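Number 443 in the working numbering belongs to position 280 of the first sequence; there are no gaps in the numbering.
In this text, a Cβ means the ideal position worked out from N, Cα and C, and glycines have one as well.
All of these numbers come straight from a predicted model, not from anything done at the bench.
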Amino acid sequence: MSTKAVKVRFAPSPTGDLHVGNIRTALFDWAYARHTGGVFLFRIEDTDTVRVTDEYIQAAIETLKWLGLDWDEGPEVGGDHGPYLQSQRLDIYAEYAQKFLDQKDAYHCYCSPDELEAVREAQRKANVAPGYNGHCRDLSQTQIDAYKAEGRGAVVRMRMPDGSTTFTDLIRGDVSFDHNFVPDFVLVRADGSPLYTLAVAVDDILMKVTHVLRGEDLLSSTPRQIRVYQAMGVAPADYPVFAHLPFVMGTDNAKLSKRNGEASIAWYRDMGFLPEAICNYLALLGWSPGDDVENITMKELTQMFTVEKVHSSPARFDMKKLEAINGDKIRALTIDEFLKWSLPFLIKANVIQGSSQEIELVKKALPLIQERIIVLSEVPKMLKFLFISNFEVDADSVSKITDSGSKEILKRSIKELEGLLQWSHENIEAALRASLIEELGLKPRIAFTALRIATTGSVISPPLFESMELLGKEACLSRISTALAL
RNA sequence: GGCCCCGUCGUCUAGCGGCCUAGGACUCUGCCUUCUCAAGGCAGCUACGAGGGUUCGAAUCCCUUCGGGGCUACCA
Numbered sequence: 164m165s166t167k168a169v170k171v172r173f174a175p176s177p178t179g180d181l182h183v184g185n186i187r188t189a190l191f192d193w194a195y196a197r198h199t200g201g202v203f204l205f206r207i208e209d210t211d212t213v214r215v216t217d218e219y220i221q222a223a224i225e226t227l228k229w230l231g232l233d234w235d236e237g238p239e240v241g242g243d244h245g246p247y248l249q250s251q252r253l254d255i256y257a258e259y260a261q262k263f264l265d266q267k268d269a270y271h272c273y274c275s276p277d278e279l280e281a282v283r284e285a286q287r288k289a290n291v292a293p294g295y296n297g298h299c300r301d302l303s304q305t306q307i308d309a310y311k312a313e314g315r316g317a318v319v320r321m322r323m324p325d326g327s328t329t330f331t332d333l334i335r336g337d338v339s340f341d342h343n344f345v346p347d348f349v350l351v352r353a354d355g356s357p358l359y360t361l362a363v364a365v366d367d368i369l370m371k372v373t374h375v376l377r378g379e380d381l382l383s384s385t386p387r388q389i390r391v392y393q394a395m396g397v398a399p400a401d402y403p404v405f406a407h408l409p410f411v412m413g414t415d416n417a418k419l420s421k422r423n424g425e426a427s428i429a430w431y432r433d434m435g436f437l438p439e440a441i442c443n444y445l446a447l448l449g450w451s452p453g454d455d456v457e458n459i460t461m462k463e464l465t466q467m468f469t470v471e472k473v474h475s476s477p478a479r480f481d482m483k484k485l486e487a488i489n490g491d492k493i494r495a496l497t498i499d500e501f502l503k504w505s506l507p508f509l510i511k512a513n514v515i516q517g518s519s520q521e522i523e524l525v526k527k528a529l530p531l532i533q534e535r536i537i538v539l540s541e542v543p544k545m546l547k548f549l550f551i552s553n554f555e556v557d558a559d560s561v562s563k564i565t566d567s568g569s570k571e572i573l574k575r576s577i578k579e580l581e582g583l584l585q586w587s588h589e590n591i592e593a594a595l596r597a598s599l600i601e602e603l604g605l606k607p608r609i610a611f612t613a614l615r616i617a618t619t620g621s622v623i624s625p626p627l628f629e630s631m632e633l634l635g636k637e638a639c640l641s642r643i644s645t646a647l648a649l
C-alpha cells in the first residue's frame, strides 16, 4: 500500500433500502477516508439487474446525503474514474472477460444449471466440498463444437490455479484460503452480463481504490477478487488493502430484520432520529474511541477513527441505546436547529400549517419539550394542545376531573386566573400556589394534575405554567370552563 | 458436511502479562429532586464460554473443546 493517498469506496448493491448494516459500513468507509484525508468513492453495484431497481439506487443516494456522508467521486458528483454505476460500464467488463479468455485464465463453461446442481448434490452426499468440478476446464474443440451444436449457452468461468491465497486483513490479520475450497467461479453469465465477481475487482483496480472496507460476508470471496487482479496483470503491491467489518446483528438472532429494530434507514428518519445520532450510535458498533468516550460528533469521529480499532467480533443492534443517544443529541441542539428538525414533523402531522405565527409559538414551546423527547416524531404529540381549535380532554383522563374535588380546583383556578393582570408563568404559578396549595392546603400533585388535564387535555404535558402562558389567558379560561362542564 | 471468521456484564464496550476484589455507557431496580412526563443526581444487579497449559503472575500468550456467524449461486 506504500504511501499513496487513501481511496476508500462504498459500493452497495441496492437490492432494497439500505439497512443499518450497510450504513455502518458506509460510515466507516467515510470516516476512514476523512480521517486519512483521502478520497471517498461511492459506486453502485447494479449488476444484478433483476433485483436492483432505480428506486433503490435513488434511495441509497438520498440516504447517504441525509446522513451527511458526502462522497468525492460517484453518482451526481462525478469524478475521473466514472461512470460509477456498474450498469454503465458493461463494455469495460466485456473487454476484461475477453482478455482473460485470451490469456486462458478463464474459459467457457457449457454446463447447464441443472447439471451443476446435480454435481453439487452429489458432492454434498459424498461429503466433499461442493463447488464446480472443472468439467469444462479443458474442453477439446470437438467437444465445444458439440455443445454449441446442442445450442448450449456458455458462461465465462475463471480458472483457479492450484495453491492458496493469503492476504492481510487490517482487522483480522493474515487470512488464508486453500484453492481446493475456492472453485472456478463465473465471471460472465450466459447472457453476456457480468457478475459481481468480475465487476467489483475490475472497478476497484480501475478506480484506483486503495482500501476495501466491507462486510464480513465478503471475506471468503476475497481470494476470487485477488485472482482477478492477477489476471488483470496488477502487481501485488497495487492490490487494495482489505478490512472486513464485523456484522451488525439483530437483538436476538443473526440478521437484522423488522423484528428487532427496523432494518431500513427510512424508518429511522420517519421516526425522528437525527442523522448525527444514528451515525454516533453506529460508530460505536464494532468500534470504540476508547477512554470511555461515547458521545461524539461527526467531526470527532473523523478525527478519531482508525481501522485498527475496529473489532473483529459482531455487534448486536440495541434500539434502547440508539434512543438514548438520540435524546442526548436532541438536547444538544440549539433552538433554531431543533426548530428546523421539528417543523416537518409538525406539518406532516397537521398540527400546524407553517405560518409565521405558528412557527413563533413553536419556537417558544420547543425549549419546554427538548429534554422530554427521544425522537422528533414526539414533537407533534407534545405540542398539539397549543394549536387545536376544538379542544377535547383525552378520553381516559376525563374521569379524573369530574369529581367534586377537581371541580373545586378548577373553579378556584378560574377565579384566580381571571384576576391576573400580567399573564406570565411566574404570575400564574404564584397565584395558583397561593390559592390552591396554601389556602386550600392541596397537594401540588393533585391540584396541578386537574389543571393540567383541563388545559392541555392530558395527564402528561410540558411544564404546566409555561404551557398555560403560551396557551394564553383566554384559551386557558375557556378550556377550564369547558372541563368544568364535563 | 467442508472452508473461513468470531467469543468480557442482558446489550455496546474499556482492557493488549501485574494498575482488574475487571472500568464506562445503555437497559433494569431502588432512592433523591419534582406540577405530570422527562432531564439530572446517587446507589445497586450482572461478565472474562469451558478445560488444559506457559508464567512468580493471564481477561490478556498457546492448545483443545463448546458455542455463534458467514461462505459454499449464471446474488452481492
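Nearest residue (CA-CA) to residue i, options the options
| i | options | result |
| --- | --- | --- |
| F263 | V318, G242 and I616 | V318 |
| R615 | A495, K563 and D254 | K563 |
| I389 | R352, Q261, G413 and R322 | R322 |
| H474 | E486, V202 and G378 | G378 |
| A398 | G517, I368 and A426 | I368 |
| N343 | I623, L361 and Y295 | Y295 |
| I255 | E471, E602, P357 and L381 | P357 |
| D354 | L253, A512, T565 and E225 | L253 |
| S451 | V470, D433, I591 and K526 | V470 |
| L382 | V345, T565, T460 and Y273 | V345 |
Check whether residue i and residue j have beta carbons under 8 angstroms apart
| i | j | result |
| --- | --- | --- |
| D211 | S176 | yes |
| I668 | F550 | Only positions 164 to 649 of the chain appear in the structure, and residue 668 is not among them; the question remains open. |
| G449 | L408 | yes |
| I572 | A610 | yes |
| S630 | T612 | no |
| A168 | V202 | yes |
| S540 | G604 | no |
| S567 | E579 | no |
| I307 | Y247 | no |
| V162 | S505 | The displayed coordinates of the chain run from 164 to 649. Any statement about residue 162 would go beyond what the structure contains. |
| D180 | Y219 | yes |
| L190 | L445 | yes |
| D366 | Q266 | no |
| L583 | I591 | yes |
| D337 | T331 | yes |
| G650 | P438 | Shown here, the chain extends from 164 to 649; a query on residue 650 therefore has no answer. |
| A406 | I334 | yes |
| L204 | M461 | no |
8 angstroms CB neighbourhood of residue i in its chain, flanking five on each side removed
| i | result |
| --- | --- |
| I577 | L640, I643, S644 and L647 |
Backbone CA spacing between residue i and residue j [nearest angstrom]
| i | j | result |
| --- | --- | --- |
| A309 | V282 | 21 angstroms |
| E278 | L350 | 18 angstroms |
| C299 | H271 | 7 angstroms |
| Q724 | G635 | In this structure the chain extends from 164 to 649, so residue 724 is not present and cannot be described. |
| D233 | P324 | 40 angstroms |
| L197 | R214 | Rather than Leu, the amino acid found at residue 197 in this sequence is Arg. About 32 angstroms. |
| A194 | Q261 | 37 angstroms |
| L376 | Q221 | 23 angstroms |
| G413 | K484 | 13 angstroms |
| A570 | E523 | Correcting the residue type first, residue 570 is Lys in the shown sequence and not Ala. Using only the alpha carbons, I get a separation of about 34 angstroms. |
| I493 | H244 | 40 angstroms |
| E589 | R596 | 11 angstroms |
| D380 | Q251 | 26 angstroms |
| V183 | M545 | 29 angstroms |
| S624 | W586 | 19 angstroms |
| K526 | S339 | 59 angstroms |
| P276 | D347 | 15 angstroms |
| V622 | K606 | 16 angstroms |
Contact test: residue i Cβ vs the ligand GDP heavy atom, cutoff 7 angstroms
| i | result |
| --- | --- |
| A196 | As far as ligands go, the structure on display features none, and thus does not contain the ligand GDP. |
Beta-carbon contacts of residue i that lie in its chain and below 6 angstroms, excluding the five residues immediately before and after
| i | result |
| --- | --- |
| G242 | E236 |
| V391 | A364 |
| V372 | K170, R172 and P403 |
| P293 | R283, Q286 and R287 |
| T178 | R214 and V215 |
| G620 | F548, V556 and D557 |
Status (buried if at least 16 other CB within 10 Å, exposed otherwise) for residue i
| i | result |
| --- | --- |
| N290 | exposed |
| F508 | buried |
| R608 | exposed |
| D559 | exposed |
| E637 | exposed |
| T360 | buried |
| I441 | buried |
Same chain only: Cβ atoms within 7 angstroms of residue i, ignoring 5 sequence neighbours per side
| i | result |
| --- | --- |
| M164 | Confidence is the limiting factor: at M164 the pLDDT is only 43, short of 50, which leaves the residue's position unreliable, though a coordinate-based value still follows. So the qualifying residues of the chain are T373 and V404. |
| L447 | E457 |
| P477 | P409, F410 and M412 |
| D268 | M321, R322 and A394 |
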